[in-house]
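Residue numbers (full-length UniProt numbering): 1 to 336.
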Amino acid sequence: MHQYRDLVTAVLRSGEHKPNRTGVDTISSFSQHYTINLRDGFPLLTTKDLSGSRWHSLLSEFVWYLSGEEHIRSLREETSIWDAWADDDGRLETAYGRFWRRYPVPSTDSQLPGEAWPVDDHRWRNDDGTFDQLAYAIEQLQENPQSRRIVISAWHPANAAISTLPPCHYTFVFNVQNNRLNVHLTQRSGDIALGVPFNIAAYSLLATVIAQQTELTPGTFAHSIVDAHIYCGMGDRGAWYGEGETLDSLRNRLEAVDNPSEYRDVRSWLLESAPSEPANQSGYDHIPGLLEQCARSPRSKPQVAIDDVSLDDIGVENIHLSGYDPAPAIRFAVAE
Numbered sequence: 001m002h003q004y005r006d007l008v009t010a011v012l013r014s015g016e017h018k019p020n021r022t023g024v025d026t027i028s029s030f031s032q033h034y035t036i037n038l039r040d041g042f043p044l045l046t047t048k049d050l051s052g053s054r055w056h057s058l059l060s061e062f063v064w065y066l067s068g069e070e071h072i073r074s075l076r077e078e079t080s081i082w083d084a085w086a087d088d089d090g091r092l093e094t095a096y097g098r099f100w101r102r103y104p105v106p107s108t109d110s111q112l113p114g115e116a117w118p119v120d121d122h123r124w125r126n127d128d129g130t131f132d133q134l135a136y137a138i139e140q141l142q143e144n145p146q147s148r149r150i151v152i153s154a155w156h157p158a159n160a161a162i163s164t165l166p167p168c169h170y171t172f173v174f175n176v177q178n179n180r181l182n183v184h185l186t187q188r189s190g191d192i193a194l195g196v197p198f199n200i201a202a203y204s205l206l207a208t209v210i211a212q213q214t215e216l217t218p219g220t221f222a223h224s225i226v227d228a229h230i231y232c233g234m235g236d237r238g239a240w241y242g243e244g245e246t247l248d249s250l251r252n253r254l255e256a257v258d259n260p261s262e263y264r265d266v267r268s269w270l271l272e273s274a275p276s277e278p279a280n281q282s283g284y285d286h287i288p289g290l291l292e293q294c295a296r297s298p299r300s301k302p303q304v305a306i307d308d309v310s311l312d313d314i315g316v317e318n319i320h321l322s323g324y325d326p327a328p329a330i331r332f333a334v335a336e
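Shown next, in the form of structure tokens:
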């Protein structure tokens, strides 16, 4: 998938060295955007292996989003990807699906003069008084597909201000053109090596599911990332990217690449020039692995099929991937 390679190289060419809260430095670029045509196949990366437990984790997280749950008690039985941010009872201060399906609505006493909110018996309002954004979106796509107001947000400002991990991919918009369902995702923070491949697949899967529920055809996935970053290591390794002419030298070598295989030459230069990562910090520099990915030729995209079941009944077992033939896996350590 050339869009991912282009994204990686764009961040490396335009980004700046930027320390952050995790203790693992980044190369950070402001405002990256790309689109993927979903009619060409399902955009699960083929330049590294995302099958097996990785695909199962992705599907488990996706089904958890659809459930609207604010805890990970059932999710943690399938994957540990959210364990670090949950409390002892498995609850999260911020959960994407909770806001998708149960967005808080002010009580009548809390409304400001002139404000309008769904009344208690409104069809999009849940029994607990919250608002089901996904149900609203599906109804609009069925009854008013030309609407430009089909927006779903996982961002609640008061929650985000105190949350351990506020939503990264925080809002998306459905838009219909020529009976094709498009989705535009806006992300405040994007981990290019680990997070973004999951985001691409998850929201493309969401577009596919909602298109099937509304008798539309999947169209385009569009993705805007505000802080698009690549982790570049801890300690001396991470700091090296911010020293002297390191980034200029890296950029010059990237600009000189004529064919993808030459990204391996850039990788070799980097590994020879950079301070070694200590054993307990291995894998936090994602740049060598991403350069290897850039050197690999994208393979044919797989296909995904979803059983004809209602949205609330979709489980991991109802989503079927076929024709996936990826290159070998690449290890990246997770910055938390």
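Cβ coordinates follow ideal geometry from the N, Cα and C atoms, glycine included.
Notebook entry, point to check: Hey, quick one: how far does the beta strand (DSSP E) through Tyr34 stretch, first residue to last?
Noted result: Here the question's residue 34 lines up with position 34 in the sequence shown. For Tyr34, the enclosing beta strand (DSSP E) covers residues 25 to 37.
Next item on the list: Could you name the residues of the same chain whose beta carbon sits closer than 7 Å to that of residue 379, not counting the 5 residues immediately before and after it, in chain order?
Entry: Outside the displayed range of the chain (1 to 336) lies residue 379, so it cannot be described from this structure.
Check: Between which two residues does the alpha helix (DSSP H) carrying Val8 extend?
Finding: As a first step, residue 8 is located in the sequence shown; it is residue number 8 there, counting from the start. For Val8, the enclosing alpha helix (DSSP H) stretches over residues 2 to 14.
Margin query: Which residue wins for smallest C-alpha separation from Trp55, given the options Ala329, Ala333, Glu336, Ala335?
Written below: Residue numbering aside, residue 55 sits at position 55 when the sequence shown is read from its first letter. Out of Ala329, Ala333, Glu336, Ala335, Ala329 has the C-alpha closest to the C-alpha of Trp55.
Margin query: Classify Gly23: buried if its beta carbon has 16 or more other beta carbons within 10 angstroms, exposed otherwise.
Written below: As a working note, residue 23 is residue 23 in the sequence shown. Flag for Gly23 reads exposed.
Item checked: Own chain residues within Cβ distance below 6 Å of Phe198, not counting five before or after -> Here residue 198 refers to the residue found at position 198 when the sequence shown is read from its first residue. Hits under 6 Å: Leu58.
Next item on the list: May I have a chain-ordered list of the alpha helix (DSSP H) segments no shorter than 4 residues that lie completely inside the stretch 141 to 201?
Entry: 157 to 160
Item checked: Same chain, Cβ closer than 6 Å to Arg299, five either side skipped, listed in chain order -> For this step, residue 299 is matched to residue 299 along the sequence shown. Result list for Arg299: Thr46, Asp325, in chain order.
Check: Exposed or buried, which one is Asp109 when buried takes at least 16 other CB atoms within 10 Å?
Finding: Stepping through the sequence shown from its first residue, residue 109 is reached at position 109. Counting Cβ neighbours within 10 Å, Asp109 comes out exposed, since fewer than 16 surround it.
Next item on the list: Have a look at Glu215 and Leu181 and give me their C-alpha separation to the nearest angstrom.
Entry: Against the sequence shown, residue 215 aligns to sequence position 215. Against the sequence shown, residue 181 aligns to sequence position 181. Taking the straight line joining both Cα atoms gives about 10 Å.
Check: In angstroms, rounded to a whole number, what distance separates the CA positions of Val11 and Asn126?
Finding: Position 11 of the sequence shown, counted from the first residue, corresponds to residue 11. Position 126 of the sequence shown, counted from the first residue, corresponds to residue 126. Approximately 42 Å, taken between the alpha carbons.
Next item on the list: Would you check if there are 3 or more beta carbon pairs closer than 8 Å linking the stretch 300 to 313 to the stretch 34 to 42?
Entry: yes
Notebook entry, point to check: Under the three-state reduction of DSSP, which class applies to Gly219: helix, strand or coil?
Noted result: Looking up residue 219 in the sequence shown gives position 219. Strand at Gly219.
Check: Which residue spans inside the stretch 296 to 331 form an unbroken beta strand (DSSP E) run of at least 3?
Finding: 303 to 306, 319 to 322
Next item on the list: Give the secondary structure of His286 by DSSP, where H, G and I count as helix, E and B as strand, and everything else as coil.
Entry: Within the sequence shown, numbered from 1, the residue matching residue 286 stands at position 286. Three-state DSSP puts His286 in coil, outside helix and strand.
Notebook entry, point to check: If you drop the 5 nearest sequence neighbours on each side, which residues of the same chain put their C-beta closer than 7 Å to that of Arg253?
Noted result: Here residue 253 refers to the residue found at position 253 when the sequence shown is read from its first residue. Contacts found: Val266, Trp269.
Notebook entry, point to check: What alpha helix (DSSP H) runs, 4 residues minimum, are completely inside the stretch 39 to 67?
Noted result: Whole alpha helix (DSSP H) segments, 4+ residues: 53 to 67.
Next item on the list: Measure the C-alpha to C-alpha separation of Gln187 and Cys168 and round it to an integer number of angstroms.
Entry: Within the sequence shown, the letter at position 187 stands for residue 187. Within the sequence shown, the letter at position 168 stands for residue 168. About 5 Å.
Check: If you draw a straight line from the alpha carbon of Pro260 to that of Glu317, how long is it in whole angstroms?
Finding: Counting from one through the sequence shown, the residue named residue 260 turns up at place 260. Counting from one through the sequence shown, the residue named residue 317 turns up at place 317. If you take the alpha carbons of Pro260 and Glu317, they lie about 37 Å apart.
Note to self: Can you list, in chain order, the residues of its chain with a C-beta nearer than 7 Å to that of Tyr203? Leave out the 5 residues immediately preceding and following it.
What the structure shows: Your numbering for residue 203 matches position 203 in the sequence shown. Correct list, in chain order: Phe172, Val183, Leu185, Phe221.
Check: How would you call Gly233, buried or exposed, if buried means at least 16 neighbouring beta carbons within 10 angstroms?
Finding: Translated into the one-based positions of the sequence shown, residue 233 becomes position 233. Result: buried.
Margin query: Here's the rule: buried if 16 or more other CB atoms are within 10 angstroms of the residue's CB, otherwise exposed. What is Pro113?
Written below: For the purposes of this step, residue 113 is taken as the residue at position 113 of the sequence shown. So Pro113 ends up on the exposed side.
Item checked: Boundaries (first-last residue) of the alpha helix (DSSP H) holding Glu272 -> Taking the sequence shown and counting its residues from 1, the one referred to as residue 272 is at position 272. Unbroken alpha helix (DSSP H) run through Glu272: 263 to 273.
Next item on the list: Would you give the residue range spanned by the alpha helix (DSSP H) that Leu247 belongs to?
Entry: Locating residue 247 in the sequence shown gives position 247, where the first residue counts as 1. Counting along the chain, the alpha helix (DSSP H) containing Leu247 begins and ends at 246 to 255.
Next item on the list: Please list, in chain order, all residues of the same chain as Pro19 whose beta carbon is under 7 Å from its beta carbon, the five residues on each side excluded.
Entry: Locating residue 19 in the sequence shown gives position 19, where the first residue counts as 1. So the qualifying residues of the chain are Asp25.
Next item on the list: Starting from Trp124, follow the alpha helix (DSSP H) in both directions and report where the run begins and ends.
Entry: On the sequence shown, residue 124 is found 124 positions in, with the first residue counted as 1. Per DSSP, Trp124 belongs to no alpha helix (DSSP H) and is neither H nor E.
Note to self: On the criterion of 16 or more Cβ atoms from any shown chain inside 10 Å, does Gln32 qualify as buried, or is it exposed?
What the structure shows: Residue mapping note: residue 32 aligns to position 32 of the sequence shown, counting from 1. That one is buried.
Note to self: Please classify Ala116 as buried or exposed, where buried requires at least 16 other C-beta atoms within 10 Å of its C-beta.
What the structure shows: Along the sequence shown, read from residue 1 onward, the residue named residue 116 stands at position 116. So Ala116 ends up on the exposed side.
Item checked: Span separating the alpha-carbon of Gly323 from that of Glu61 -> Locating residue 323 in the sequence shown gives position 323, counting from the first residue. Locating residue 61 in the sequence shown gives position 61, counting from the first residue. For Gly323 and Glu61, the distance between alpha carbons rounds to 22 Å.
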